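Taking our numbering, the leading residue of the sequence shown gets 2, the next gets one more, and so forth.
Where a beta carbon is used, it is the ideal one built from N, C-alpha and C, also for glycine.
Please read all numbers here as calculations on a predicted model, not as lab measurements.
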Amino acid sequence: MKNKLDIQDSALNLAQAAFDKKGTDIKILDMETVSFMSDYFLIATASNSKQSQSIADEIEDKAALEGLTVLHREGYREGEWILLDFGDIICHVFGNDESRRFYGLEQLWSDAIEVEFEGV
């Protein structure tokens with residue numbers, strides 16, 4: 002069983018991967034007290050579908066270095082909302098602000114605690 006802090010460090014590293022590819026409005030939500038699906042959600046926005054694909058690719062590459070395997074991938078071809086499920090961490094990469102607002106994950110999971118992230 003993985004240590005909670007190790008999983009959080011991995012979530013922060015995946016957030017940095019999104020930041021490195023110019024993802025914006027990057028949020029990490031601690032889901033432990035609000036959902037059994039995963040420990041963390043990572044949410045990021047791109048300016049278009051090609052950029053969302055690039056961000057997803059970078060997240061997958063960084064995840065591989067962390068020893069994480071993608072259990073489920075969805076939406077990559079369209080790039081409007083890409084979901085990458087690593088089990089303990091689920092990443093949501095939106096292809097534009099409009100899609101992110103429409104699905105409103107932050108509002109849906111507003112009881113989740115946000116983990117501080119500042120890209121470098």
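Between Ile-56 and Ala-45, how many whole angstroms is the CB-CB distance? I'm expecting something under 8 Å.
By one-based count along the sequence shown, residue 56 stands at place 55. By one-based count along the sequence shown, residue 45 stands at place 44. Between Ala-45 and Ile-56 the Cβ distance is about 6 Å, and since that is below 8 Å, they are a contact.
For the structure I just gave you, are there three or more beta carbon pairs, one from the stretch 82–92 and one from the stretch 32–48, closer than 8 Å?
Output reads yes: the stretch 32–48 touches the stretch 82–92.
Closest by C-alpha distance to Lys-63, when choosing among Asp-10, Ala-18, Tyr-77, Asp-98:
On the sequence shown, position 62 is the one that residue 63 refers to. Among Asp-10, Ala-18, Tyr-77, Asp-98, the Cα nearest to that of Lys-63 is on Ala-18.
Compute the Euclidean distance between the alpha carbons of Ala-16 and Val-35, then round it to the nearest angstrom.
For the purposes of this step, residue 16 is taken as residue 15 along the sequence shown, with counting starting at 1. For the purposes of this step, residue 35 is taken as residue 34 along the sequence shown, with counting starting at 1. Rounded to whole angstroms, Ala-16 and Val-35 show a C-alpha spacing of 21 Å.
Span of the alpha helix (DSSP H) around Phe-103
Here residue 103 is taken as the residue at index 102 of the sequence shown, counted from 1. Annotation for Phe-103: the continuous alpha helix (DSSP H) segment containing it runs 98–104.
Can you tell me where the beta strand (DSSP E) with Lys-28 in it begins and where it stops?
Residue numbering aside, residue 28 sits at position 27 when the sequence shown is read from its first letter. Note, Lys-28: beta strand (DSSP E), 25–31.
Check whether the Cβ atoms of Gly-24 and Ala-47 sit closer than 9 Å, and answer yes or no.
Residue 24 sits at position 23 when you count from the first residue of the sequence shown. Residue 47 sits at position 46 when you count from the first residue of the sequence shown. Less than 9 Å divides the Cβ of Gly-24 from the Cβ of Ala-47.
Start and end of the beta strand (DSSP E) containing Phe-20?
Counting from one through the sequence shown, the residue named residue 20 turns up at place 19. It is not in any beta strand (DSSP E) - Phe-20 instead sits in the alpha helix (DSSP H) that spans 5–21.
Would you grab the beta carbon distance between Gly-96 and Gly-80 for me? Rounded to a whole angstrom, and I think it's under 8 Å.
The residue labelled residue 96 in the question sits at position 95 within the sequence shown. The residue labelled residue 80 in the question sits at position 79 within the sequence shown. Taking C-beta atoms under 8 Å as the contact rule, Gly-96 and Gly-80 qualify, at a distance of about 5 Å.
Where Gly-113 falls: helix, strand or coil (DSSP):
Translated into the one-based positions of the sequence shown, residue 113 becomes position 112. Reading off the sequence, residue 113 comes out as Ala, not Gly. Assignment of Ala-113 by DSSP, reduced to helix, strand and coil, places it in the coil class.
By the three-class DSSP mapping on this structure, what secondary structure does Asp-58 have?
Within the sequence shown, numbered from 1, the residue matching residue 58 stands at position 57. In the structure shown, Asp-58 sits in a helix (DSSP, three-state: H, G or I).
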